[in-house]
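In the working numbering, the protein residues as written are 234 to 307.
Even for Gly, the Cβ is constructed at its ideal location relative to N, Cα and C.
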């Protein structure tokens, strides 16, 4: 897995905002530091070199990772 960026905040019950190091493909799987799937990339926006990503949470039972937690791509 590749370090993707950090969580900034929870937008709502289904979306998390994160700051990424580079733009991932939409629908890329997103994981926490333990290798557990958080969800998938829903939208990419902002500067090309340091974009923001919206992560669509894959499971309603998924626990929200705290602000500053690292996220990873496949």
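query	result
Classify residue 301 as buried or exposed, calling it buried when 16 or more other Cβ atoms lie within 10 Å of its own Cβ.	exposed
Quick one: residues in its chain with C-beta nearer than 7 Å to the C-beta of residue 256, no 5 flanking neighbours on either side, listed in chain order?	277, 281 and 284
Can you tell me the Cα-Cα spacing of residue 249 and residue 236, whole angstroms?	17 Å
With 16 other CB atoms within 10 Å as the buried threshold, where does residue 272 fall?	buried
To which residues of the same chain is residue 195 closer than 6 Å at the C-beta, ignoring the five residues directly before and after it?	Residue 195 lies beyond the range of the chain shown here (234 to 307); nothing can be said about it.
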